[in-house]
Amino acid sequence: MTSMAHDLAFLIPEILVLLTGAGTLVCEMLRRPRTALTVAVSGLLLATALTLPLLGVDTSVFSGTFRIDALSIWAKLILLPATVLSLLLARAELHGSDREGTVYSLLCFTTFGALVLAGSGDLMFLVLGVLLSGLGAFALVAYPRNDAATEAAMKFFVFASVTGSVMIFGLTYWFGATGSTLLGALAGLDKAPLAAAVGLIAVIVGLGYKASLVPFHFWAPDAYEGAPLSVAAYLSVVPKIGAIFALVQVVRDLPVSGGWPLLLAAIAVLTMTVGYLAALVQDNVVRLLAYSSIAQAGYFLLGVVAVGVSPLALPALIVFAAAYAAMNLGAFAVALQTGRTLDAFAGLGHKNPAVGVAMVLFLLSLTGIPPLAGFVGKFLLFGAAIDAHFTWLAVVAIFNSVLSLAVYLRIVVPMYRQRSDAAAPIFAPEPMPLARLVWAIAFVFTLGIGLAAQVLLGRLT
Amino acid sequence: MSPDLLTALIVGAGLFGIGLYGALSQTNLVMIMMGVELILAGALVNLVAFWRFLHPESYAGQMFVLIVMTVMAVEMAVGFGVAIARFRARGSVEMEEARELKG
Amino acid sequence: MSPLALVVLAPLAAAAGIPVLRRAPAMLALLGAGAGLIASLVLLAGASAGLHAALILPGLPDMPLRLVGTPLTALLSTLVAVVGALVLIYAVGYMKQDDEKVRFFATMSFFIAAMQTLVLAGDWILLLAAWELIGLSSYLLIGFWYRRPDVASAATRAFLYTRTADLGLYAAVFLLIATTGSSEIAVTLHSGAGASVAVGLLLLAAAMGKSAQTPLHDWLQRAMAGPTPVSALLHSATLVAAGAILLIRTAPLLPPDALLAIGIVGGITTVVTGLIALAERDLKRLLAASTSSQYGLMLVAVGAGVPKAALLLLIAHAAIKSSLFLGAGVFQHSRHSTRLADLHGAGRDRPWIFAGFTLAALALAGIPPLSGFFAKDAVIAASLASSNARLLAPLALAGTLLTGAYMARALRILWQGKRRDQPVAGLRWMGAGLAGLVILAIGLGAAFPFIETLLATPVPEPALARLLGLSAALGGLALGWFIPGRRLLGPLLPWARQGFAIAGGVDVWIVRPALTLARGCERLERGLYAGVMAVGRLGLGLGRAVRRSDDQGIDGLIFSLVRGTVNLGNRARTLQSGLIHRELAISVVATALIFAVLFVTLLAF
Chain A
315 MTSMAHDLAF LIPEILVLLT GAGTLVCEML RRPRTALTVA VSGLLLATAL TLPLLGVDTS
375 VFSGTFRIDA LSIWAKLILL PATVLSLLLA RAELHGSDRE GTVYSLLCFT TFGALVLAGS
435 GDLMFLVLGV LLSGLGAFAL VAYPRNDAAT EAAMKFFVFA SVTGSVMIFG LTYWFGATGS
495 TLLGALAGLD KAPLAAAVGL IAVIVGLGYK ASLVPFHFWA PDAYEGAPLS VAAYLSVVPK
555 IGAIFALVQV VRDLPVSGGW PLLLAAIAVL TMTVGYLAAL VQDNVVRLLA YSSIAQAGYF
615 LLGVVAVGVS PLALPALIVF AAAYAAMNLG AFAVALQTGR TLDAFAGLGH KNPAVGVAMV
675 LFLLSLTGIP PLAGFVGKFL LFGAAIDAHF TWLAVVAIFN SVLSLAVYLR IVVPMYRQRS
735 DAAAPIFAPE PMPLARLVWA IAFVFTLGIG LAAQVLLGRL T
Chain B
42 MSPDLLTALI VGAGLFGIGL YGALSQTNLV MIMMGVELIL AGALVNLVAF WRFLHPESYA
102 GQMFVLIVMT VMAVEMAVGF GVAIARFRAR GSVEMEEARE LKG
Chain C
12 MSPLALVVLA PLAAAAGIPV LRRAPAMLAL LGAGAGLIAS LVLLAGASAG LHAALILPGL
72 PDMPLRLVGT PLTALLSTLV AVVGALVLIY AVGYMKQDDE KVRFFATMSF FIAAMQTLVL
132 AGDWILLLAA WELIGLSSYL LIGFWYRRPD VASAATRAFL YTRTADLGLY AAVFLLIATT
192 GSSEIAVTLH SGAGASVAVG LLLLAAAMGK SAQTPLHDWL QRAMAGPTPV SALLHSATLV
252 AAGAILLIRT APLLPPDALL AIGIVGGITT VVTGLIALAE RDLKRLLAAS TSSQYGLMLV
312 AVGAGVPKAA LLLLIAHAAI KSSLFLGAGV FQHSRHSTRL ADLHGAGRDR PWIFAGFTLA
372 ALALAGIPPL SGFFAKDAVI AASLASSNAR LLAPLALAGT LLTGAYMARA LRILWQGKRR
432 DQPVAGLRWM GAGLAGLVIL AIGLGAAFPF IETLLATPVP EPALARLLGL SAALGGLALG
492 WFIPGRRLLG PLLPWARQGF AIAGGVDVWI VRPALTLARG CERLERGLYA GVMAVGRLGL
552 GLGRAVRRSD DQGIDGLIFS LVRGTVNLGN RARTLQSGLI HRELAISVVA TALIFAVLFV
612 TLLAF
């Protein structure tokens with residue numbers, strides 16, 4: 315019983331997230347959306363605060379099935395604040411709509427799923443994490459209940475259920491080969507290469523869909539476009555980072571002889587290139603950002619291929635995850651305030667210089683320009699990949715950065731060009747103080763992570 | 042590998058194949074969900090076979106079976122939720138009609 | 012506070028304070044620049060006394076950011092501070108009529124702070140950061156008058172040109188850090204291993220972009236769209252200088268082959284852009300071409316293995332070129348144009364300004380005892396003493412000759428013609444800034460012995476170099492004064508006017524692709540081709556590209572390339588058919604492929 319209490323003590327943040335979700339739901343039942351938001355925000359912030367004392371812990375609970383290590387702890391420290399920002403965005407966007415509180419509640423539950431993913435030490439947790447972080451997401455995407463939203467949710471659901479079931483089917487072979495569902499037992503796979511290959515592909519399919527890696531990315535642009543913008547922002551950050559961290563949890567125990575590093579490197583190249591190429595021809599800012607977030611997932615893989623070889627890999631992934639969360643949420647927040655089309659951005663830099671500067675900063679950070687957060691993250695990722703003798707991959711990634719500049723300039727250039735029609739915009743977007751707050755916070759983090767990388771890394775190593 | 046295990050695995054793989062074909066070929070959301078269920082049924086057959094013939098001492102196999110059954114049930118429930126929402130908005134759950142979002 | 016920090020923080024504080032306070036922007040900017048100037052003088056005094064200042068800041072793990080005050084960096088920092096302060100004084104007058112002083116002075120102060128960070132940076136990461144900030148602030152400044160037509164595109168062009176070349180710097184820095192394991196510049200320079208030719212060429216690429224060397228020189232002339240003080244600062248001590256400074260600082264590291272490449276690029280640039288300057292029809296664009304040409308000479312000196320000669324020319328050129336631009340700005344205000352056709356006789360309007368302009372022009376040509384003479388002398392001597400003297404020396408001499416010719420041409424146009432007196436607002440401030448810089452342009456030569464002792468490396472100066480350099484300069488001046496540029500160039504004229512077609516065509520390499528992409532690719536056809544067709548199309552496209560490149564030179568090739576990229580983008584887009592089955596099927600086929608590959612490798616091993 316004491317060991318049970320001991321295990322649960324480590325899981326206080328996760329438990330708190332669940333309780334927060336439930337509490338938020340109760341508030342919604344009482345028809346008090348404002349209270350629901352307060353409960354959700356304060357619960358998640360409290361969970362973040364309660365995670366801090368865990369820093370430096372490296373252990374596992376429930377006989378090794380759930381890991382409390384740097385990845386899962388930092389996942390909480392990154393994803394919980396990111397969810398708080400998404401909650402604020404959702405409030406800004408969906409305020410006053412019917413059943414507003416369910417959105418907050420679903421966001422909490424979905425984040426719980428992402429946290430389960432990031433700490434999973436067992437195949438069953440992997441399956442549950444994918445399921446939990448997916449269920450709420452479908453409902454969130456379908457929330458507006460109009461044509462586009464339901465279409466997006468339906469596609470998202472079909473993609474998720476097919477890839478998820480394929481993953482489960484493949485994973486059964488890992489169980490057959492090792493006799494255990496623990497990820498720690500995967501080292502035994504080198505005796506069964508065929509089963510290892512099937513399971514590996516299954517994991518790549520299941521987690522690759524969640525992280526929107528090419529060729530499992532098709533759902534992402536459609537789902538982001540159909541969903542409320544705040545949900546799109548959330549989906550591009552929280553479940554994605556959870557899935558990447560889960561991938562790390564899997565491959566760190568996988569024998570290298572399985573050839574997974576090369577396979578992931580190839581997927582990384584494909585993901586970066588296809589993502590940016592497709593982003594190049596978008597007219598819709600949401601779709602452009604969706605493809606950009608697909609491409610960014612490829613950059614994450616640079617760190618994943620180095621796991622187990624380079625000591626830099628984990629810090630690089632964590633720093634880039636934090637940077638990515640900040641800059642991507644910031645860019646989506648600006649898009650929420652400005653509009654969904656490229657035309658809406660025309661002349662933004664002159665009309666609203668503060669927003670303009672913030673957006674340029676987010677986009678430059680996404681490109682990876684020093685001294686911003688994105689640069690530090692990418693710099694470390696490149697270093698990790700070079701450490702792991704994937705220099706060619708780092709070079710490809712650098713070349714993709716040229717492409718990415720062209721992509722992001724597509725937003726920046728109209729912002730600083732004068733509007734052809736000097737007349738007032740067709741509709742003046744209502745001021746959104748919460749969206750402004752979100753991008754201001756993201757702005758501070760995007761700058762701060764870049765400038766304080768030393769401090770951050772000191773905590774990591 | 043015992044012949045029994047092989048038979049069971051072949052059945053599991055067969056269910057997977059039929060399920061995947063169904064999920065890819067059907068245009069109705071409900072039919073796609075049936076395909077997904079078949080894939081998961083294949084996974085169940087595999088799991089039970091692996092547990093019974095290879096690792097009878099491990100309880101993890103049984104646990105995994107329970108988890109997969111939960112996944113099936115939950116996925117069905119959510120799937121019908123999505124289908125209902127779609128039907129209300131559009132009056133049909135045909136995937137061929139869902140092609141407004143693209144590019 | 013250490014002077015090292017103050018050098019950067021003073022202008023930075025001004026940049027931050029101006030938009031907050033929103034009043035007296037000019038005075039605040041001057042205050043920041045003045046404090047920075049004093050700090051950098053203290054730093055220089057310390058460095059000449061042998062004090063080695065360093066400021067270590069937190070950065071990446073085991074790679075702290077640092078600012079260092081070596082003699083070289085202190086000297087460059089002083090140069091930036093002096094030119095920056097004088098240009099700001101001038102700008103007080105120049106911007107008198109403008110409504111957006113706050114934005115202007117804040118960005119200028121930020122620009123100076125970024126440049127100070129660049130020259131004082133003691134590690135590669137900080138240098139990269141400063142390099143980017145310079146690019147960004149110059150983008151903002153060139154595009155300052157964004158309401159005027161073409162200005163935004165000029166700014167974007169400058170940004171893209173330099174950004175693309177920056178990739179060379181990124182790659183070089185990654186290679187350097189990877190080979191030496193340290194990000195500290197001093198460590199990588201003295202690691203003893205030396206850098207590979209690849210690193211040298213990558214650094215050269217970065218410098219070519221920033222310092223506007225052929226074939227990447229086009230953006231500099233277009234960047235004239237910005238206000239004149241911006242041009243003065245850009246050309247003398249900041250943006251353009253960054254490339255040369257990079258090479259001067261890394262010269263000890265570079266292998267002979269890379270040095271030769273640098274020398275050749277510099278030599279070609281000095282001649283090509285010299286000819287362009289001779290054909291130019293706009294005073295500011297003439298000066299811009301001349302800037303490329305002078306930086307070409309500096310690269311010749313670096314290539315000859317005497318970076319100190321390049322440094323002398325850099326310092327002298329900073330004072331001279333900013334004086335020339337400031338003078339040109341006055342003429343621009345008095346005639347409301349920078350076209351040479353409108354400027355006939357503008358010198359007679361304001362004889363004092365013209366006198367300053369003439370002195371600076373003569374200094375640039377290399378007439379003793381003005382500062383340019385000593386610097387040119389050092390460069391020519393370096394090229395003569397180099398092991399590749401046969402290649403470099405004629406190019407350096409040709410560059411000197413052309414310098415004399417185009418400066419004499421400008422002087423003649425400004426002097427010959429009718430006087431048209433028009434009042435110019437803010438002349439006093441402009442005159443003060445100009446006077447300070449002209450005095451520097453005249454007298455800096457006297458400071459060169461001090462600089463040489465400071466850096467502890469004497470520069471070779473055989474009498475032959477002096478004789479050749481002086482005769483080239485005088486010859487050039489005579490040619491330029493007596494023979495119109497049109498006749499001088501002969502059949503080269505139309506070519507030079509277009510900025511040399513090959514060179515101008517390279518514009519298309521970087522800028523047009525990005526701009527085309529950036530401006531929405533919908534104009535280009537969106538072919539929908541199936542996967543099999545793609546292969547055939549690629550072959551067809553290649554053939555077409557080859558034919559086009561015969562027809563239209565590089566232009567056509569590049570356009571095909573752009574179209575190819577966009578087509579690829581469109582193809583990636585057509586995969587996204589919106590039909591979930593098709594998409595799922597693609598995923599499944601891809602998975603099967605992955606499985607097949609894994610399976611084959613399993614069988615193989």
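Residue numbers (the numbering used here), protein chains in the order written: chain A, 315 to 775; chain B, 42 to 144; chain C, 12 to 616.
Backbone N, C-alpha and C fix where the C-beta goes; we use that ideal spot for every residue, glycine too.
query, result
"Neighbour-count burial assignment, Pro363 (chain C), 16 or more Cβ in a 10 Å radius", "Reading off the sequence, residue 363 (chain C) comes out as Trp, not Pro. Exposed, since its Cβ has fewer than 16 Cβ neighbours within 10 Å."
"Runs of alpha helix (DSSP H) wholly within the stretch 663-709 of chain A (minimum 4 residues, chain order)", "667-681 and 687-701"
"Asp45 (chain B) classed as buried or exposed, judged by whether at least 16 other C-beta atoms fall within 10 angstroms", "exposed"
"Contacts of Ala596 (chain C) in chain B (Cβ-Cβ under 8 Å)", "Leu65"
"Start and end residues, alpha helix (DSSP H) containing Val375 (chain A)", "Segment Thr373 to Val375 is the beta strand (DSSP E) holding Val375 (chain A); no alpha helix (DSSP H) there."
"C-beta atoms of Leu139 (chain C) and Pro684 (chain A) nearer than 8 Å", "yes"
"Rounded straight-line distance, which links the Cα of Pro569 (chain A) to that of Ser624 (chain A)", "15 Å"
"Entirely enclosed alpha helix (DSSP H) segments - the stretch 517-603 of chain A, minimum 4 residues", "533-540, 543-565 and 574-594"
"Neighbourhood of Val19 (chain C) by C-beta distance below 8 Å, restricted to the same chain and skipping five residues each side", "Gly47, Leu78, Ala124, Gln127, Thr128 and Leu131"
"N- and C-terminal bounds of the alpha helix (DSSP H) containing Ala260 (chain C)", "Looking at the sequence provided, one finds Arg at residue 260 (chain C) rather than Ala. Where Arg260 (chain C) is concerned, the enclosing alpha helix (DSSP H) stretches over Leu250 to Thr261."
"Separation of Gly437 (chain C) from Pro405 (chain C), as counted between CA atoms", "44 Å"
"Boundaries of the alpha helix (DSSP H) in which Phe91 (chain B) is found, first to last residue", "It is not in any alpha helix (DSSP H) - Phe91 (chain B) carries neither H nor E in the DSSP assignment."
"Closer than 7 Å at the beta carbon, the chain C residues around Tyr613 (chain A)", "Those do not exist, as Tyr613 (chain A) stays about 15 Å from chain C at its closest Cβ, beyond 7 Å."
"Which listed residue (A:Val674, A:Leu368 and A:Val583) has its alpha carbon closest to that of Phe704 (chain A)", "A:Val583"
"Length of the line joining the Cα atoms of Ala96 (chain C) and His246 (chain C)", "15 Å"
"Residue span of the alpha helix (DSSP H) that contains Ile471 (chain A), given as start and end", "Residue identity check: residue 471 (chain A) is Phe in the sequence provided, not Ile. Asp461 to Thr492 is the extent of the alpha helix (DSSP H) around Phe471 (chain A)."
"Chain B within 8 Å of Val545 (chain A), Cβ atoms only", "no"
"As assigned by DSSP and simplified to three states, the class of Thr190 (chain C)", "helix"
"Chain A contacts from the stretch 83-115 of chain B (Cβ-Cβ distance under 7 Å)", "Gly83, Ala84, Asn87, Leu88, Phe91, Leu95, His96, Ser99, Ala101, Gly102, Met104, Phe105, Ile108, Val109, Val112 and Val115"
"DSSP-derived helix/strand/coil call for Glu328 (chain A)", "helix"
"Unbroken stretches of the beta strand (DSSP E), 3 residues or longer, contained in the stretch 349-432 of chain A", "373-375 and 380-382"
"Delimiting residues of the alpha helix (DSSP H) encompassing Asn642 (chain A)", "Ala627 to Thr652"
"Status (buried if at least 16 other CB within 10 Å, exposed otherwise) for Leu322 (chain A)", "exposed"
"Closest by C-alpha distance to Ala102 (chain C), when choosing among C:Leu41, C:Gly356, C:Arg233 and C:Glu143", "C:Leu41"
"Reference Phe426 (chain A); option with closest CA among A:Asn598, A:Arg601, A:Gly484 and A:Gly448", "A:Gly448"
"Residue-level contact to chain C via CB, Arg140 (chain B), 8 Å cutoff", "yes"
"Spatially closest choice to Phe122 (chain C) from C:Met106, C:Gly146 and C:Gly133, by CA coordinates", "C:Gly146"
"Straight-line gap, Leu446 (chain A) to Phe471 (chain A) (C-alpha atoms, nearest Å)", "13 Å"
"Touching by the beta-carbon criterion (3+ pairs, under 8 Å), the stretch 475-491 of chain A and the stretch 136-144 of chain B", "no"
"Contact set between Leu47 (chain B) and chain A, taken where Cβ atoms lie within less than 7 Å", "Simply none; closest approach about 12 Å."
"Chain-ordered residues of the stretch 456-484 of chain A with a beta carbon less than 7 Å from chain B", "Ala456, Arg459, Asn460, Asp461, Ala462, Thr464, Glu465, Ala466, Ala467, Met468, Lys469, Phe471, Val472, Ser475, Val476, Ser479, Val480, Ile482 and Phe483"
"Assigned secondary structure, Pro89 (chain C) (DSSP; H/G/I helix, E/B strand, else coil)", "Checking the sequence shown, residue 89 (chain C) turns out to be Thr, not Pro. Helix."
"Bridge-paired residues (DSSP) for Val79 (chain C)", "C:Ala65"
"Cβ shell of Ile515 (chain A) (< 7 Å), same chain only, five flanking positions each side left out", "Gly484"
"DSSP-derived helix/strand/coil call for Ala124 (chain B)", "helix"
"C-alpha distance - Arg459 (chain A) paired with Phe696 (chain A), whole-angstrom precision", "42 Å"
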